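Here's the structure we're looking at; comments come further down.
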Amino acid sequence: NAQYQSFIYRLFPNARIIIDRFHIVQLVGRALDNCRVNILKLLDKHTREYKLLKSQWKLFHLKATELQPEKPVYLRGINEYMTKQNAVDLVLNQFPQFSAVYTAYQEITAALHERNSERLITILSQYQNTGTEMDTAIATLNKNQSYVINSTEFEFSNGPLEGINRRIKNLRSCYGFANQQFFFLRIDYLFA
């Protein structure tokens, strides 16, 4: 919670605040998705670019190394064989603004994955505004830059806890438990 920053040092003078890497990736991922959706609103629904952006949105969240530029795959939505790299390039070449947002997303996630704080500082400081929601995300990361840098220096992560919370919420919404005790027993069974 952002409010903790205001009083945490009074309670724990030697504390170092860490913004979780999961939440940083989530922030820039949402900015990427919002830019993609804004482009979708401008396109004709029958174009290849629209169909790629609409049906193959997960391609834009893959690491650049996972795009497999040599292996053609069948892409549903556009109903043709093409490499994942070609599909991404088709959209990026058409929309330079989205290309800049995509590049920023890829660089930030790569720097976090490598835990390279110098590269992350360089990316955040050299980012050029694109007039998209990525500008807000980068401004937020710049405002909390010391906490973001701490996320590259320390091993701590909320990822496993977030995964447990997701599974519990999924369990709660999938099954209609008549008795709360059965719900808790099921949670104990899953995580024992």
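Residues in the sequence shown are numbered from 915 upward in steps of one, following this note's numbering. By construction, the Cβ of each residue, glycine as well, lies at the ideal position given by its N, Cα and C atoms. Since the structure is predicted, the reported quantities are computational estimates derived from the model, not experimental observations.
Per DSSP, T997 lies in no alpha helix (DSSP H); the unbroken beta strand (DSSP E) holding it starts and ends at E994 to T997. Inclusion of A1014 and A945 in the CB contact set at 7 Å is not warranted, their separation being larger than that value.
Beta bridge pairing from DSSP links Y988 with Y995. If you compare the alpha carbons of L1034, Y964 and A1025 with that of A1001, the shortest gap goes to Y964. Per DSSP, the unbroken alpha helix (DSSP H) holding E963 starts and ends at R962 to S969. In this structure N1064 is not in contact with R935, their Cβ atoms being roughly 10 Å apart against a cut-off of 8 Å. Rounded to whole angstroms, L1104 and E980 show a C-alpha spacing of 31 Å. Minimum Cα-Cα distance from A916 among the listed residues Y1061, S1031 and T961 corresponds to Y1061.
Rounded to the nearest whole angstrom, the C-alpha separation of Q1059 and F921 is 18 Å. With the rule of 3 Cβ pairs closer than 8 Å, the segment 984 to 1002 does not count as touching the segment 1030 to 1041. A straight line joining the alpha-carbon of Q940 with that of T1036 spans about 20 Å. Looking at the backbone, the Cα of L1026 and that of F1070 are separated by about 13 Å. For the 7 Å CB-CB criterion, F1091 and F1097 form a contact. C949 and L956 have their C-alpha atoms roughly 11 Å apart. Residue environment analysis places I1078 among the exposed positions, since fewer than 16 neighbouring C-beta atoms fall within 10 angstroms of its C-beta. In the structure shown, E980 falls within a helical segment according to DSSP collapsed to helix, strand and coil. Annotation: the continuous alpha helix (DSSP H) that includes G1073 extends over G1073 to C1088.
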